[in-house]
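Under our numbering, think of the first position of the sequence shown as 12, with each following residue one higher. Every residue, glycine too, gets a C-beta built ideally from N, C-alpha and C.
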Amino acid sequence: MFSQSLRKVGQDTTVLLICITVFLSYLPEAGQYSSFFLYLRQVVNFSPKTIAVFIGVVGILSILAQTLFLTLLMRTIGNKNTVLLGLGFQILQLAWYGLGSEPWMMWAAGAVAAMSSITFPAVSALVSRSADPDKQGLVQGMITGIRGLCNGLGPALYGFVFFLFNVELSGITTIQPDYAIPIQTPTEKTTIPGPPFLLGACTVVVAFLVALFIPDHPTPPSSPCQTRKSSMTLAGAHTNTPLPGSDEDFEPLLEDSTV
Numbered sequence: 012m013f014s015q016s017l018r019k020v021g022q023d024t025t026v027l028l029i030c031i032t033v034f035l036s037y038l039p040e041a042g043q044y045s046s047f048f049l050y051l052r053q054v055v056n057f058s059p060k061t062i063a064v065f066i067g068v069v070g071i072l073s074i075l076a077q078t079l080f081l082t083l084l085m086r087t088i089g090n091k092n093t094v095l096l097g098l099g100f101q102i103l104q105l106a107w108y109g110l111g112s113e114p115w116m117m118w119a120a121g122a123v124a125a126m127s128s129i130t131f132p133a134v135s136a137l138v139s140r141s142a143d144p145d146k147q148g149l150v151q152g153m154i155t156g157i158r159g160l161c162n163g164l165g166p167a168l169y170g171f172v173f174f175l176f177n178v179e180l181s182g183i184t185t186i187q188p189d190y191a192i193p194i195q196t197p198t199e200k201t202t203i204p205g206p207p208f209l210l211g212a213c214t215v216v217v218a219f220l221v222a223l224f225i226p227d228h229p230t231p232p233s234s235p236c237q238t239r240k241s242s243m244t245l246a247g248a249h250t251n252t253p254l255p256g257s258d259e260d261f262e263p264l265l266e267d268s269t270v
């Protein structure tokens with residue numbers, strides 16, 4: 012039963028496009044969660060206190076984005092365009108993290124990252140409109156499983172890319188003052204500050220292109236029960252309709268009566 016339902020969901024083009032979009036967009040996000048704050052500490056030289064303030068500010072901005080801003084966007088531009096806008100914010104913040112090395116760049120990219128948090132709630136709303144009512148739980152479970160898979164692959168991917176570009180994120184040795192200038196060797200200056208973030212931005216670009224093919228107003232196909240009910244209703248309507256020329260169409264003009 013589960014395999015049949017999974018096969019039917021896989022045949023739904025809209026749901027398949029949504030699942031691919033979720034995988035390509037959440038893979039860099041999961042890797043970012045695992046190494047970003049260590050990256051801020053060692054590459055950008057944020058102090059532990061600054062990192063704590065950074066987490067708090069981005070968290071508050073994310074709450075505002077997912078409550079006020081998301082509701083406004085869903086009413087004005089729709090589910091699909093909200094997903095595309097969230098992916099656009101994610102591309103911008105990943106590229107900013109990858110190319111920026113100054114503290115103010117990290118703060119600005121953090122504000123953009125808070126805006127990109129609207130993507131997954133908008134995807135969930137899009138799934139609720141696209142899938143059949145009897146397959147809502149299955150599709151939402153598939154998306155949750157994809158996110159769980161990304162939680163395992165993302166950190167490994169980021170660690171491997173950091174290793175390829177000789178960006179060491181090992182232990183923290185000494186505490187530097189806030190916004191201290193990173194001490195780099197000449198070879199480190201030529202290295203891109205955050206290569207995994209740039210790779211993640213490219214991945215989200217592909218997710219953005221895939222999301223463009225999601226229908227604007229998906230109409231879920233009718234279930235077999237609904238089809239059966241509609242056919243029974245039509246059959247009943249034909250049965251109750253009197254045929255032309257039958258005896259029910261004529262009434263006697265006069266009946267025999269005795270005066």
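- Residue 166 and residue 46 do touch by the CB rule: their CB atoms are close to 7 Å apart, below 8 Å.
- Contact check for residue 109 against residue 206 passes: the beta carbons are separated by less than 8 Å.
- Residue 134 sits close to residue 33, with the two beta carbons spaced by under 8 Å.
- Taking 8 Å as the cut-off, the Cβ atoms of residue 104 and residue 130 do not count as close.
- Distance from the CA of residue 43 to the CA of residue 95, rounded to the nearest whole angstrom, comes to 20 Å.
- For the stretch 83-142, the full-length alpha helix (DSSP H) segments reaching 4 residues or more read 90-110, 114-126, 130-141 along the chain.
- CA-to-CA, the gap between residue 146 and residue 118 works out to about 41 Å.
- In this structure, 215 is the residue among 64, 215, 141 with its C-alpha nearest to the C-alpha of residue 99.
- Of 120, 55, 92, 210, the smallest CA-CA separation from residue 69 is found for 120.
- Residue state for residue 23 is assigned as coil, using DSSP reduced to three classes.
- Burial is judged here by how many other beta carbons sit within 10 angstroms of a residue's own beta carbon; residue 71 has fewer than 16 and is exposed.
- A direct Cα-Cα distance of roughly 30 Å separates residue 63 from residue 84.
- Scanning its chain for C-beta atoms nearer than 7 Å, with the 5 sequence neighbours on each side dropped, one finds around residue 150 the residues 20, 26, 138, 142, in chain order.
- Only buried fits residue 53, as 16 or more other CB atoms lie within 10 angstroms of its CB.
- Spanning the alpha carbons of residue 218 and residue 212 requires a straight line of approximately 10 Å.
- Your pair residue 127 and residue 97 checks out as a contact, with CB atoms roughly 5 Å apart and the cut at 8 Å.
- By the CB criterion at 8 Å, residue 174 and residue 28 fall outside the cutoff.
- Between residue 162 and residue 66, the alpha-carbon positions lie close to 20 Å from each other.
- The C-beta distance from residue 209 to residue 106 rounds to 7 Å, short enough to fall under 8 Å.
- One thing to note: residue 132 has its Cβ within 8 Å of the Cβ of residue 81.
- A direct Cα-to-Cα measurement between residue 152 and residue 93 gives close to 22 Å.
- A direct Cα-Cα distance of roughly 45 Å separates residue 115 from residue 23.
- Non-local C-beta neighbours of residue 168 in its own chain, meaning closer than 6 Å and more than five positions away in sequence, comprise 42, ordered along the chain.
- Cβ-Cβ distances below 7 Å link residue 75 to nothing in the same chain once the five nearest sequence neighbours on each side are left out.
- Closest by C-alpha distance to residue 178, out of 55, 113, 30, is 55.
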